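Peer 1: Residue numbers (this note's numbering): 1 to 272. Don't be surprised by glycine CBs; every beta carbon is placed ideally from N, CA and C. Nothing here was measured: the structure is a model prediction, and the numbers come from that model.
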């Protein structure tokens with residue numbers, strides 16, 4: 001006699017059978033429900049951004065454990081780490097000259113650990129780096145982000161260079177994970193520590209997006225006015241949404257794998 005299936009397995013099986021449009025609709029509904037929950041539970045919504053940075057730091061801590069304990073960087077994208085270091089460095093500069101608050105401290109700590117990960121991949125563990133799988137061309141994201149930043153940036157009173165730099169790091173953050181997704185697309189099998197790291201990125205991206213949306217709602221739209229006029233305010237929100245949905249599909253399969261008791265995540269074709 002077969003054991004009864006757990007409700008979560010029934011739900012995941014039903015989801016897997018749905019067409020892409022239904023999955024997208026359900027993802028939007030789930031995201032909106034999570035936003036409402038955060039709005040009701042978290043009183044100071046600025047703490048959500050701190051939580052996003054904390055989750056990102058946890059993800060990097062998982063990477064550090066992988067690099068130090070297992071002595072391998074297989075499955076990791078050096079290019080994603082370099083893009084991450086790039087936008088963090090630019091954002092750190094902008095933070096110093098434009099605001100300087102708790103976000104500055106968090107970005108400094110994240111940048112330091114990201115640079116250490118890059119050093120480990122490039123030098124100490126170079127023999128285990130899957131360079132042939134990490135074949136995403138960086139100019140595909142750097143050049144469009146730079147051009148977009150020149151065209152659409154804040155209209156505040158800051159110096160033009162600083163406004164362009166700030167826009168560049170916003171756009172770059174939204175797509176920095178693409179090389180890591182390409183590596184996983186090429187390998188199809190994602191070992192536990194890498195999948196934990198990418199899932200942490202997905203959660204961090206969602207919290208960051210939630211922070212912006214809730215801040216706009218809290219200010220009754222005044223935050224968008226403070227950001228300036230023209231296309232920049234909506235582009236900030238679009239960037240946050242884009243970086244969340246880029247990882248949404250992977251996070252679904254990650255949760256499915258965890259509830260299924262699988263240590264190694266196997267991705268079907270076309271997921272990332």
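1. Tell me, please, whether the segment 151-158 touches the segment 173-192 by the rule of three or more beta-carbon pairs shorter than 8 Å.
2. Go ahead and pull the three-state DSSP assignment for residue 153.
3. So, does the segment 106-114 touch the segment 141-148, judging by three or more C-beta pairs under 8 Å?
4. What do you get for residue 48, buried or exposed, if any count of 16 or more other CB atoms within 10 angstroms of its CB means buried?
5. Does the beta carbon of residue 128 fall short of 7 Å from some heavy atom of the ligand SAM?
6. Which same chain residues end up closer than 8 Å to residue 95 when comparing Cβ atoms and leaving out the 5 residues on each side of it in sequence?
7. What is the residue span of the alpha helix (DSSP H) that residue 49 lies within?
8. Just verifying my parser: in three-state terms, what is the DSSP assignment at residue 198?
9. Leaving aside the five residues before and after residue 74 along the sequence, list all residues of the same chain whose C-beta is less than 6 Å from its C-beta, in chain order.
10. Please name the residue in 151, 54, 120, 87 whose C-alpha comes closest to that of residue 203.
11. Could you check where the alpha helix (DSSP H) with residue 172 kicks off and where it finishes?
12. Keeping to the same chain, check which residues put their C-beta closer than 6 Å to that of residue 193; ignore five residues upstream and five downstream.
13. By the DSSP assignment, the alpha helix (DSSP H) with residue 72 in it spans what residues?
14. DSSP state of residue 190, grouped into three classes?
15. Report yes if the CB atom of residue 134 is closer than 8 Å to the CB atom of residue 217, and no otherwise.
16. For residue 141, count neighbouring C-beta atoms within 10 Å of its own C-beta (all shown protein chains included) and say buried if the count is 16 or more, exposed if not.
17. How big is the Cα-Cα spacing for residue 240 and residue 207?
18. So, is residue 252 buried or exposed, given that buried needs 16 or more other C-beta atoms within 10 angstroms?
19. Out of 84, 185, 248, point me to the one whose CA is closest to residue 56's CA.
Peer 2: Reading it off the structure:
1. Flag = no, the segment 151-158 and the segment 173-192 do not touch.
2. For the purposes of this step, residue 153 is taken as residue 153 along the chain shown, with counting starting at 1. If DSSP states are grouped into helix, strand and coil, residue 153 belongs with coil.
3. Contact check between the segment 106-114 and the segment 141-148: fewer than three CB pairs, one atom from each, fall below 8 Å, which does not count as touching.
4. The residue labelled residue 48 in the question sits at position 48 within the chain shown. So residue 48 ends up on the buried side.
5. No copy of the ligand SAM occurs in the structure displayed, which carries no ligand at all.
6. Here the question's residue 95 lines up with position 95 in the chain shown. Excluding sequence neighbours, residue 95 sits near 101, 103, 104, 107.
7. Here residue 49 refers to the residue found at position 49 when the chain shown is read from its first residue. Unbroken alpha helix (DSSP H) run through residue 49: 46-65.
8. Along the chain shown, read from residue 1 onward, the residue named residue 198 stands at position 198. Residue 198: helix per DSSP, three-state reduction.
9. Locating residue 74 in the chain shown gives position 74, counting from the first residue. Only 128, 130 meet the Cβ criterion.
10. Numbered from its first residue, the chain shown carries residue 203 at position 203. The residue from 151, 54, 120, 87 with its alpha-carbon nearest to that of residue 203 is 54.
11. One-based indexing of the chain shown puts residue 172 at position 172. From DSSP, the alpha helix (DSSP H) with residue 172 extends over 160-175.
12. The count along the chain shown starts at 1 and reaches residue 193 at position 193. Result list for residue 193: 62, 66, in chain order.
13. Position 72 of the chain shown, counting from 1, holds the residue named residue 72. Per DSSP, residue 72 belongs to no alpha helix (DSSP H) and is neither H nor E.
14. Locating residue 190 in the chain shown gives position 190, counting from the first residue. Here residue 190 sits in strand by DSSP.
15. For this step, residue 134 is matched to residue 134 along the chain shown. For this step, residue 217 is matched to residue 217 along the chain shown. Against a cut-off of 8 Å, the Cβ pair of residue 217 and residue 134 comes out as no contact.
16. Position 141 of the chain shown holds residue 141. So residue 141 counts as buried.
17. By one-based count along the chain shown, residue 240 stands at place 240. By one-based count along the chain shown, residue 207 stands at place 207. Taken atom to atom, the span from the alpha-carbon of residue 240 to that of residue 207 is near 10 Å.
18. Taking the chain shown and counting its residues from 1, the one referred to as residue 252 is at position 252. Looking at its Cβ environment, which holds 16 or more other Cβ atoms inside 10 Å, residue 252 is buried.
19. Taking the chain shown and counting its residues from 1, the one referred to as residue 56 is at position 56. The candidate whose alpha carbon is nearest that of residue 56 is 84.
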